[in-house]
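Chains as they are written, first to last, in our numbering: chain Y, 1 to 309; chain A, 310 to 618; chain S, 619 to 927; chain C, 928 to 1236; chain D, 1237 to 1545.
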Amino acid sequence: MRVSEQVKRILDGYESDNPGTKANLARILMHGRLGGSGKLVILPVDQGFEHGPARSFAPNPPAYDPHYHYQLAIDAGLSAYAAPLGFLEGGASTFAGAIPTILKLNSANSLARAKEAPSQAITAGVKDALRLGCAAIGYTIYPGSDAAYDMMHDIAELAREAKSYGLAVVIWSYPRGGNLSKPGETAVDICAYAAHMAALLGAHIIKVKPPTEHLELEAAKKVYEAQKIDVRTLAARVRHVVQSCFAGRRIVVFSGGEAKDLDGLFNEVRAIRDGGANGSIIGRNTFQRPKEDALKMLDTIIQIYQGKA
Amino acid sequence: MRVSEQVKRILDGYESDNPGTKANLARILMHGRLGGSGKLVILPVDQGFEHGPARSFAPNPPAYDPHYHYQLAIDAGLSAYAAPLGFLEGGASTFAGAIPTILKLNSANSLARAKEAPSQAITAGVKDALRLGCAAIGYTIYPGSDAAYDMMHDIAELAREAKSYGLAVVIWSYPRGGNLSKPGETAVDICAYAAHMAALLGAHIIKVKPPTEHLELEAAKKVYEAQKIDVRTLAARVRHVVQSCFAGRRIVVFSGGEAKDLDGLFNEVRAIRDGGANGSIIGRNTFQRPKEDALKMLDTIIQIYQGKA
Amino acid sequence: MRVSEQVKRILDGYESDNPGTKANLARILMHGRLGGSGKLVILPVDQGFEHGPARSFAPNPPAYDPHYHYQLAIDAGLSAYAAPLGFLEGGASTFAGAIPTILKLNSANSLARAKEAPSQAITAGVKDALRLGCAAIGYTIYPGSDAAYDMMHDIAELAREAKSYGLAVVIWSYPRGGNLSKPGETAVDICAYAAHMAALLGAHIIKVKPPTEHLELEAAKKVYEAQKIDVRTLAARVRHVVQSCFAGRRIVVFSGGEAKDLDGLFNEVRAIRDGGANGSIIGRNTFQRPKEDALKMLDTIIQIYQGKA
Amino acid sequence: MRVSEQVKRILDGYESDNPGTKANLARILMHGRLGGSGKLVILPVDQGFEHGPARSFAPNPPAYDPHYHYQLAIDAGLSAYAAPLGFLEGGASTFAGAIPTILKLNSANSLARAKEAPSQAITAGVKDALRLGCAAIGYTIYPGSDAAYDMMHDIAELAREAKSYGLAVVIWSYPRGGNLSKPGETAVDICAYAAHMAALLGAHIIKVKPPTEHLELEAAKKVYEAQKIDVRTLAARVRHVVQSCFAGRRIVVFSGGEAKDLDGLFNEVRAIRDGGANGSIIGRNTFQRPKEDALKMLDTIIQIYQGKA
Amino acid sequence: MRVSEQVKRILDGYESDNPGTKANLARILMHGRLGGSGKLVILPVDQGFEHGPARSFAPNPPAYDPHYHYQLAIDAGLSAYAAPLGFLEGGASTFAGAIPTILKLNSANSLARAKEAPSQAITAGVKDALRLGCAAIGYTIYPGSDAAYDMMHDIAELAREAKSYGLAVVIWSYPRGGNLSKPGETAVDICAYAAHMAALLGAHIIKVKPPTEHLELEAAKKVYEAQKIDVRTLAARVRHVVQSCFAGRRIVVFSGGEAKDLDGLFNEVRAIRDGGANGSIIGRNTFQRPKEDALKMLDTIIQIYQGKA
């Protein structure tokens, strides 16, 4: 594998990492149809934990099978596939080497009660990622939750272990709990803050939700107004989030958010691209449609990142 | 031991496991009268912890003796015998090699108070399973309990350790606690969700209760209705649970549930079979009858799984 | 040391233990005047923690000295001596090899507040037992306490470690806390349940209090009545507890309970013997009398177990 | 590097440390424009965690880039640069050897709720400091918080580990929480107490806020009055804090406190110098101005410590 | 060093300890002006943590310097010097070999809030004691506190580690918290109980406060009256405490209690001596006076223990 110039520039941002970790980042960035472009699209499938199997897979029953998602990600030419332990175990050997995988180490579920201290169960470890041949670990933090300091401490330990083995680290940074209002969870100040903290925690790839124009914290609002930070368009907000991740030295990807119509989704992706982010993580929108529809949708998204759509 | 084609197909589902773990799964699947058929019947005896000795064994006093259960499982031609530490220690040498055993690592008891965060005591470890020559570890999680995330984290650690030694992992997934209603504990949406989470946690064998037609979660109910998921018969519900376990790539067994008359039990087993599950775990119904009666009952159950009754 | 046939039969019950542990059990069972008979009398001195020094030792001041208890146990021809760390350290070298010792790993004290979650402090470890030349570790659990699951987890870990070094494990199983009523703490159903759980936790020697006729749990009461379990005499109740410990495959000993007159004590011991238990653990009744009186009392107890009194 | 006499005298105060730790302290004390003088100015950048990226960096956007701070510290001739994991990772290789770095191991953030037990998340470890080539670890304690004992225990463990590898230890001691009043957080008695505890915990460099004249604790107030401890000027209070750090055997530095005008800041620095402290840690005042302004400001501060301004 | 007969007899009480620990006890008992007599006077300086620097050292400013206390202990011919980590680090090299030191591993402070579960922060470890060349570790427990079981568990672990390296163990046993009344904290029954528990935890040297005539616990009161335990004089109460520490097989020392006039203090010391205790730990009374006064005071105390005053 010859690493492209664009990817080389991205890797240069990870200057403190060992060659093993850089190689795993390169595996993701050089893979699939966007390989070498510095853009990436990741398929995440943790809906089974989050919403249960029926809500996740009944709309498209072949998706009950773990092989389905590996094959979908491969057929669509995606950059990587992320899932919890069992789902990766279910296809890790069949698809060994066929697509970079990310082992999601923690997960929430809909049976757990809502609290001011929302958290997630740690359901796998770094050694599992190694035995399954993964390129990276994934972990969710809930900034704002009364459990956030514990979650941060846990990922700090897991990330150190992962990096020592040459794995990359992906952090899902989803503000919630504590004093945060519901709109605050996707407010642009909170989203940029959450992304920045993921970067400070040592994440290689940072995953946040597309931010809204809302500003949650009074102290931040003053600064946004005084400094005239542009948050009027999604592209501008994405650019602000990317800047908040070490001025672009970290890979930032955005989730597809709530299910919406395809045009809405494509416009969102265009804004993410125009804001200078590195790509998308798209779950439900992908595997809850018939495969043909999903492949067509992903083809369009990839073309958007290629500047062709 | 020559592994049958049916068992080989099942083992193929465990593609990420090392040969040690596959061999232990094969030990269970090739043992007893159902050996090689892909079906299995397991004898679990953790009633001593759950209900105390008198409620468990006084109806059939020979059952106070740990040897009784080993011998019963052997005489009935069952696939494996599962019990807590002390009960296995009591016969592990006498019956070494005579029947695959599963060490149950955690247990609840009736002296503990009911709470919104029900849990179990961890009463043994993976190293105990090794020194006792077990084929697998067993562990119960309570999805829905405020203690569920901790229980999941614990089994994630124990399962990783077990797999590294070539042991198999059996998870009892029993929803309770938190916001769950009493009927919700056996609701079909909850049961399928609980089974799916056990699979995501990396279980090789998943054990749940036979689900009722009840739907607990509003968000799930909508999907069951929209997607017209058939939950009208027990067989259909079992089929849904099996599908929820990676589209049949994981072994799923069902408990006998509350004590009932024999015909009720046999019909339940037929539904489990017809739903495509792999078998039954039958405790109280077995050892709380005179041995002759138990053997006759188990013979019928085995014949049901053989398609002869 | 040539192990007697009776002791050999007892040791056969511990079929999963390594030779080191069996040898330590044999050391206890072959020691003292009851050596070889399958019966045993143990001197436990943890009153210093439980009630403080004045209440424990002022009635017989020589007992302030740790040597006193070693010598008393030796002079009386007892089977073993059990005490917390400091008390064993105080004589372990002087009396090395003179009598088997049991290091009590946890202890409560009267300064701690009564709670619904009573527990004990862990005040020593398995490595301490090794360096002091002990034959066994001792540990108390409080079934029913809101802290019971933690206590069980702790002894499970300690017992595994102890067994790996060839030590034996003694569990004091004292129900209390949670929803248990005061009479429930010594109710026969609770006592048998507590003894059974100690056996399931892997104890070699189980220590409970003499049970009363009271039945605490409704669900259990029904079974005791339906199955006509005889609980009218202490001997019958002891027999029921012994049966609950794997049908006699585990050594069961009883405490002397509350201080009472000597005839009351001797009758209790006779009932324990007639119920088929293995012996007694007698603390306060022993060291709170002048040594001559204590020796005379212990002589009678030993004669009772020998069938001579 | 030839260590100056002044620095040698300071190092003599760390008589129990190994040569590795002394060498790292020397690296800091011999670096930059104040190198060799016994004075030091450190640039700390943990505002990203504390206040989020916009509030921290939008006033001077180049500061979003981790390289900016390394370069600023180098260009200004500062003694060391302190930051959380991600920010150091972002430039550790480019600036390897160019300036001593301090890895801040824990951090708070503005999304966490105010409580009586304020704490911080541990976001990095000692091994991270080693792989990033740092000279020291940094850690914040909150004396007075209900979480203070845990924070102290954590830094005790981390400091022991750091010293064993030859790293130095910097403690930020910031009283808050529990019964402390808001003015009490910077009261001179509390500040001296907090500094003394950091020294007792084994810190090599102690960082506190400039204390006010306020006295918080009744018991302390009496002593301050009886012993006529001079707390009327900031210089006197600084002198008292320095004395409280082992009579000057420990390096004490002060933060710049709340943003204020430059003259106010310079006067504060003069008082710190006149009180005999070793220097300043200046964050927000530095990187929230245009670089030229910041360099001019730092030049003045350095000249103050050189006695030239 | 030739150990005196008196010291040899004391060491014989520590029969289970390894030669390393005995040698460290001997270092303390053979050191200073009371060396060889079986008596000892220890200088403890943990007031910096407990009351802060101003309250501790402002009355005698040279005491801000850690060297001061080493030198004072040496000049006074004391047996040992005990302090927290930082204070020992501050002079451990200068005074290496000059006086035996005791590293205090945990400490409370006046900023922490009073609670029913008072505790202390663990601020150093056994490995620190080793690298600083200490003869012993020191640890405080609060019997009666709702945190007491945890504190006991911690010292049990630390003591085991310390003994394995040949260090001695000193336990400060200070009842407080939970249901204890304020007078109960120094009641003679509580004090004897607290001392006994320290001995049971494996302490080599036990440190308690001089007990009052008050009896706190009803159950104990009955025994003190029935057994006519003499608690009328301080000497009698000290004798009772010493007896409670394994009939004199453990070294028992008393603190000086609240600051009082010198005659009061000397009389207290005489009572401690007459009660058969091994000596005193005197902190505040020592370093809060001018050095000459302190030396004179300590000279008198030593002469009292020598039977000359």
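Backbone N, C-alpha and C fix where the C-beta goes; we use that ideal spot for every residue, glycine too.
Quick caveat, the model's predicted, so the values are computed rather than measured.
If you draw a straight line from the alpha carbon of residue i to that of residue j, how long is it in whole angstroms?
i, j, result
"Ile1049 of chain C", "Asp1081 of chain C", "9 Å"
"Trp1408 of chain D", "Asp1386 of chain D", "15 Å"
"Leu1038 of chain C", "Pro118 of chain Y", "14 Å"
"Gly1105 of chain C", "Lys1042 of chain C", "8 Å"
"Gly511 of chain A", "Ile190 of chain Y", "35 Å"
"Ile1377 of chain D", "Ala58 of chain Y", "59 Å"
"Arg907 of chain S", "Val1459 of chain D", "14 Å"
"Ile319 of chain A", "Lys331 of chain A", "10 Å"
"Ala1095 of chain C", "Asn987 of chain C", "31 Å"
"Arg33 of chain Y", "Ile302 of chain Y", "7 Å"
"Val188 of chain Y", "Ala195 of chain Y", "10 Å"
"Ser280 of chain Y", "Phe254 of chain Y", "5 Å"
"Leu262 of chain Y", "Leu72 of chain Y", "18 Å"
"Val930 of chain C", "Pro1027 of chain C", "16 Å"
Look up residue i in the DSSP assignment and say whether it is helix, strand or coil.
i, result
"Gly1206 of chain C", "strand"
"Leu43 of chain Y", "strand"
"Tyr1069 of chain C", "coil"
"Leu1339 of chain D", "strand"
"Val887 of chain S", "helix"
"Ala730 of chain S", "coil"
"Ser164 of chain Y", "helix"
"Thr948 of chain C", "helix"
"Ser428 of chain A", "coil"
"Ser553 of chain A", "helix"
In chain S, which residues lie with their C-beta within 8 Å of the C-beta of residue i?
i, result
"His1389 of chain D", "Ala739, Ile740 and Thr741"
Applying a beta-carbon distance threshold of less than 9 Å, which residues of chain Y neighbour residue i?
i, result
"Ile538 of chain A", "Ala54 and Ala58"
For a contact defined as C-beta to C-beta under 7 Å, what are the partners of residue i on chain A?
i, result
"Asp128 of chain Y", "Arg469"
"Arg113 of chain Y", "Asp455, Gly487 and Asn488"
Interface residues of chain Y around residue i at Cβ under 7 Å?
i, result
"Leu510 of chain A", "Leu85, Gly86 and Thr123"
"His523 of chain A", "The premise fails here: His523 of chain A is roughly 14 Å from chain Y at the closest Cβ pair, so nothing lies under 7 Å."
Which residues in chain C have a C-beta closer than 7 Å to the C-beta of residue i? List them in chain order.
i, result
"Tyr1401 of chain D", "None at all; the shortest Cβ gap to chain C is about 15 Å."
Among residues of its own chain, excluding the 5 on either side of residue i, which ones have a beta-carbon nearer than 6 Å to its beta-carbon?
i, result
"Ile1518 of chain D", "Gly1492"
"Gly584 of chain A", "Ala544, Val547 and Arg548"
"Tyr686 of chain S", "Pro680"
Leaving aside the five residues before and after residue i along the sequence, list all residues of the same chain whose C-beta is less than 7 Å from its C-beta, in chain order.
i, result
"Gln47 of chain Y", "Ser56, Gly283 and Arg284"
"Ala309 of chain Y", "Thr300 and Gln303"
"Pro684 of chain S", "Phe705, Gly708 and Gly709"
"Lys413 of chain A", "Asp355, Ala391, Ala392, Pro393 and Gly447"
"Cys863 of chain S", "Ala813, His814, Ala817, Ile824 and Val870"
In chain order, what residues of the same chain lie with their CB nearer than 8 Å to the CB of residue i, ignoring the 5 residues before and after it?
i, result
"Leu1057 of chain C", "Tyr1092 and Leu1094"
Check your understanding: Counting Cβ pairs, one atom from each stretch, are 3 or more of them under 8 Å apart for the stretch 976-992 of chain C and the stretch 935-948 of chain C?
Key -> no
Exercise for review: Assess, as a yes-or-no matter, whether the stretch 703-713 of chain S is touched by the stretch 1450-1469 of chain D under the definition of 3 or more beta carbon pairs within less than 8 Å.
Suggested key: no
Practice item. Report yes or no: do the stretch 1271-1284 of chain D and the stretch 1309-1316 of chain D share at least 3 C-beta pairs separated by less than 8 Å? Key: yes
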